[in-house]
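Undergrad: Residue numbers (full-length UniProt numbering), protein chains in the order written: chain H, 1 to 254; chain Z, 1 to 254. Cβ atoms here follow ideal geometry from the backbone N, Cα and C, with glycine treated the same way. What follows is a single structure, and I will ask about it in a moment.
There are 2 protein chains.
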Amino acid sequence: MTKRALPPVVARMWGRDTGSRHGPRPSLDLARIIDAAIGIADREGLAGVRMSSVAAQVGMATMSLYRYVGSKDELLTVMADAATPEPPTLDGRPWRVYLAAWTQANRDFLVDRPWLLSLAHHTPPTGPRTLRWLDRALTALAPTELDLGQRINIASTLTGYATTQATLSHSMITAAAATATATTSAAGDGSITGLADYGDILDQVLDPEDYPELTAAVRSHAFGTAEKWIDDADFTFGLDLLLDGIETLITRRG
Amino acid sequence: MTKRALPPVVARMWGRDTGSRHGPRPSLDLARIIDAAIGIADREGLAGVRMSSVAAQVGMATMSLYRYVGSKDELLTVMADAATPEPPTLDGRPWRVYLAAWTQANRDFLVDRPWLLSLAHHTPPTGPRTLRWLDRALTALAPTELDLGQRINIASTLTGYATTQATLSHSMITAAAATATATTSAAGDGSITGLADYGDILDQVLDPEDYPELTAAVRSHAFGTAEKWIDDADFTFGLDLLLDGIETLITRRG
DNA sequence: ACCTGAACACCGTTCAAGT
DNA sequence: ACCTGAACACCGTTCAAGT
């Protein structure tokens, strides 16, 4: 049972110092760097986060950043965890009530910080915040008879759902916003500038024989309004499907 | 009702010629370029797809590619749709049976081509393949009394689930594969090299008071084996939760 | 021990010629 | 009308000095 060395990124996320430095200063400075990077991402999106722009923001030379993070990739990993808020507190609520709030809060912070969606790593979670979300979901499910594997699976499924919905909302919101401002670009760059455009495009492109139901959907203007897609009602609708399924499973056990 | 010009990317995905060129040749060449790009992605991952590597593969100069696609981003969009297989045929199966197969097939091709996961755009689908998947799901649900909005929502939720599970499988598979080959890199680069490592890391990092349930999970070796995560049983488990929820909804209507 | 500027590597893309 | 090489822009990162 040898303790293997922690990967540097992980160590940094947990405030454990990696290299040998003197005071408690360095970790504080890391926090400042992370905050700067998060601020840039909030304002300009992920594309704005360059080693140079982050360094400028904190008043260092670009190269100095490499004293605090091993690479840009590490910086992104650390800032993703830091930008994740604390999960809702349990407060003794029953699992269904809590998990509904948990999933909704999960979606909400992804909508607030859509750049987190692009950072969904293909790596299991290792940061303090992300793991706290997982722990709280497991805790809420502890009173049920479900085993750990099932509980972990439920938590993954719900996060997945939150992510899906956030992605959907985000693409619709930006599409709608683009329509509002970009009557100018209508001719030019060819990006999809709104939901009306989207329906328009599908209408031009779909062969009704090959895509019968989609064509019907487009013709009936099911894609007409952005509000429909970012509505809480739709989110709750799908969430209830999931929770009903979980409830069925739990009662089947009892 | 003016027909707005199709965005170039969309036109290209549907085989409609964008610029003015002479014969039917060009579109064929586009297909060759796409195939080359997909081949590279399959072999080396998305990082291997460079304008230069794709051009080399088809025996053109790098710059010639810009005759066929407007930018690398366009290339990625087009190749993502082209790399998506056809959805399963309905064959008169009841909605629940079909959607189960549909979701499983969706996950399967994402597991086969994990680079598609990184290409999950923040844009609604516009390609022939992706839209065919959507259409088929709507068709399967047509006999139910659900309205179009609900059916679209169900399809989104199921794709989302497939994506979540594929992501999970993928991170676990690569983690496991890395363990097998990388006893060498164990000391060095600090990447997570396996599930055993993952449990190890969590164990070192978690404070049992702050993360009570997660700690318990780690101690009970719930993260122990990779097989558990890529098992069909887990996938079906979550899928059934969703389908149960949908079924509840449908019968509630009737 | 910490910080930094110059230099390099890599890659997408513009542009002006080529044929 | 199509193709292409040289050149540029951008950005992450190495390295050898600075203090």
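(1) Taking 8 Å as the CB-CB cut-off, is H:P212 touching chain Z?
(2) Quick check on the DSSP output: what are the complete beta strand (DSSP E) runs of length 3 or more inside the segment 96-158 of chain H, in order along the chain?
(3) Which residues in the same chain have their Cβ closer than 8 Å to the Cβ of Z:T84, if we skip the five residues on either side of it in sequence?
(4) Taking its Cβ as the centre, do 16 or more other Cβ atoms sit within 10 Å of H:V10, making it buried, or is it exposed?
(5) When the Cα atoms are used, what is the spatial distance from H:I154 to Z:Y68?
(6) Please identify the residue among Z:L243, Z:L249, Z:I250 and Z:R252 whose C-alpha is closest to the C-alpha of Z:A101.
(7) Please confirm if H:F237 has its CB atom under 8 Å from at least one CB of chain Z.
(8) State the CB to CB distance for the pair H:E213 and Z:L202, rounded to an integer number of angstroms; the pair is presumed to be in contact (CB under 8 Å).
(9) I need the DSSP call for H:L206, collapsed to helix, strand or coil.
(10) So which residues of chain H does Z:I152 contact, with C-beta pairs closer than 8 Å?
(11) With contact counted as at least three CB pairs below 8 Å, one residue from each stretch, are the segment 69-82 of chain Z and the segment 29-45 of chain Z in contact?
(12) Ordered along the chain, which non-local residues of its own chain (more than five positions away) have a Cβ less than 6 Å from that of Z:V49?
(13) Enumerate in chain order the residues of its own chain whose CB-to-CB distance from residue 263 of chain Z is below 8 Å, with the five nearest sequence positions on each side excluded.
(14) Throw me the rounded Cβ distance for the H:Y161 and H:T103 pair, which I believe falls under 8 Å.
(15) Under 7 Å from any heavy atom of the ligand NAD, does the C-beta of Z:P124 make it?
(16) Applying the 10 Å Cβ sphere with the 16-neighbour rule, what's the burial state of H:E86?
(17) Does the distance from the CB of H:L65 to the CB of H:V54 come in under 8 Å?
(18) State yes or no: is the beta carbon of Z:T103 nearer than 8 Å to at least one beta carbon in chain H?
(19) Please identify, using Cβ separations under 9 Å, the residues of the segment 118-130 of chain Z that lie next to chain H, in order along the chain.
(20) I need the straight-line Cα distance from H:M60 to Z:T123, nearest angstrom please.
(21) Answer with buried or exposed for Z:T62, where buried requires no fewer than 16 other C-beta atoms within 10 angstroms of its C-beta.
(22) State yes or no: is the beta carbon of Z:G39 nearer than 8 Å to at least one beta carbon in chain H?
(23) H:G199 versus chain Z: which residues are under 9 Å apart at the beta carbon?
(24) Are there 16 or more other CB atoms within 10 angstroms of the CB of Z:D135, so buried, or fewer, so exposed?
(25) For a cutoff of 8 Å on Cβ pairs, would you count Z:W95 as touching chain H?
(26) In angstroms, rounded to a whole number, what distance separates the CA positions of H:M1 and Z:A216?
(27) What residues of chain Z sit near H:I250, judged by a beta carbon separation below 7 Å?
(28) With 8 Å as the threshold, decide whether the Cβ of H:S71 is near any Cβ in chain Z.
(29) With Z:S52 as the anchor, note down where its alpha helix (DSSP H) starts and where it stops.
(30) Report, in whole angstroms, the separation of the C-beta atoms of H:S169 and H:V111, which I expect to be a contact under 8 Å.
(31) Excluding the 5 residues preceding and the 5 following H:S52 in the sequence, name in chain order all residues of the same chain whose CB lies nearer than 8 Å to its CB.
(32) Exposed or buried, H:D197, counting other C-beta atoms within 10 Å across all chains shown (16 or more means buried)?
(33) Using 8 Å as the limit for Cβ to Cβ distance, is H:Q57 near chain Z?
(34) Assuming residue 337 of chain H and Z:L6 make a contact with CB atoms under 8 Å, what is their CB distance in whole Å?
(35) Determine the contact status of Z:L241 and H:G245, defining contact as a CB-CB distance below 8 Å.
(36) Go ahead and label H:E209 buried or exposed: buried means 16 or more other beta carbons lie within 10 angstroms of its beta carbon, across all protein chains shown.
TA: Inspection of the coordinates gives the following:
(1) At least one C-beta of chain Z is nearer than 8 Å to the C-beta of H:P212.
(2) With a minimum length of 3 residues, no continuous beta strand (DSSP E) run stays inside the segment 96-158 of chain H.
(3) Apart from sequence neighbours up to five positions away, the residues of its chain that approach Z:T84 with a beta-carbon distance below 8 Å are F109, L116, G127, R129, T130 and W133, ordered along the chain.
(4) Buried, since its Cβ has 16 or more Cβ neighbours within 10 Å.
(5) Each residue's alpha carbon lies about 45 Å from the other.
(6) With distances taken between Cα atoms, Z:A101 lies closest to Z:L243.
(7) For H:F237, the answer is yes, since a Cβ of chain Z falls inside 8 Å of its Cβ.
(8) Contact check for H:E213 and Z:L202: beta-carbon distance about 45 Å, past the 8 Å limit, so the pair fails to qualify.
(9) If DSSP states are grouped into helix, strand and coil, H:L206 belongs with coil.
(10) Listed along chain H are A217 and A222, each with a C-beta nearer than 8 Å to that of Z:I152.
(11) By the criterion of at least three beta-carbon pairs nearer than 8 Å, the segment 69-82 of chain Z is in contact with the segment 29-45 of chain Z.
(12) Annotation for Z:V49: A37, I40 and A41 place their beta carbon closer than 6 Å to its own, counting only its chain and skipping 5 residues before and after.
(13) Coverage of chain Z is limited to positions 1 through 254, which leaves residue 263 of chain Z absent and any answer about it impossible.
(14) Contact holds; Cβ gap of about 6 Å.
(15) The ligand NAD is absent from the structure shown, which contains no ligand whatsoever.
(16) By the neighbour-count rule (16 or more Cβ atoms within 10 Å), H:E86 is not buried but exposed.
(17) A contact, by the Cβ cut-off of 8 Å.
(18) At a cut-off of 8 Å between beta carbons, Z:T103 makes no contact with chain H.
(19) If the cut-off is 9 Å between Cβ atoms, the segment 118-130 of chain Z has S118, A120, H121, H122, T123, P124, T126 and P128 near chain H.
(20) For H:M60 and Z:T123, the distance between alpha carbons rounds to 37 Å.
(21) Exposed, because fewer than 16 other Cβ atoms sit within 10 Å of the Cβ of Z:T62.
(22) Chain H, which has no Cβ nearer than 8 Å to the Cβ of Z:G39, makes this no.
(23) What H:G199 touches in chain Z: nothing, since even the nearest Cβ is about 10 Å away.
(24) With 16 or more other Cβ atoms within 10 Å, it is buried.
(25) No, Z:W95 lies away from the interface with chain H (no Cβ there is under 8 Å from its Cβ).
(26) Only weak support exists for where H:M1 lies, its pLDDT of 44 falling under 50; the value from the coordinates is given anyway. The straight-line gap from Cα to Cα measures roughly 18 Å.
(27) The contacting residues do not exist; H:I250 stays about 11 Å from chain Z at best.
(28) Interface criterion not met: the Cβ of H:S71 is under 8 Å from no Cβ in chain Z.
(29) Per DSSP, the continuous alpha helix (DSSP H) segment holding Z:S52 begins and ends at M51 to V58.
(30) Sure, about 5 Å apart at Cβ, within 8 Å.
(31) Closer than 8 Å at Cβ, skipping near neighbours: T62.
(32) That one is buried.
(33) Taking Cβ atoms only, chain Z never reaches closer than 8 Å to H:Q57, which makes this a no.
(34) With chain H represented from 1 up to 254, any question about residue 337 of chain H goes unanswered, as that position is not in the structure.
(35) Yes, the Cβ-Cβ distance between Z:L241 and H:G245 is below 8 Å.
(36) Label assigned to H:E209: exposed.
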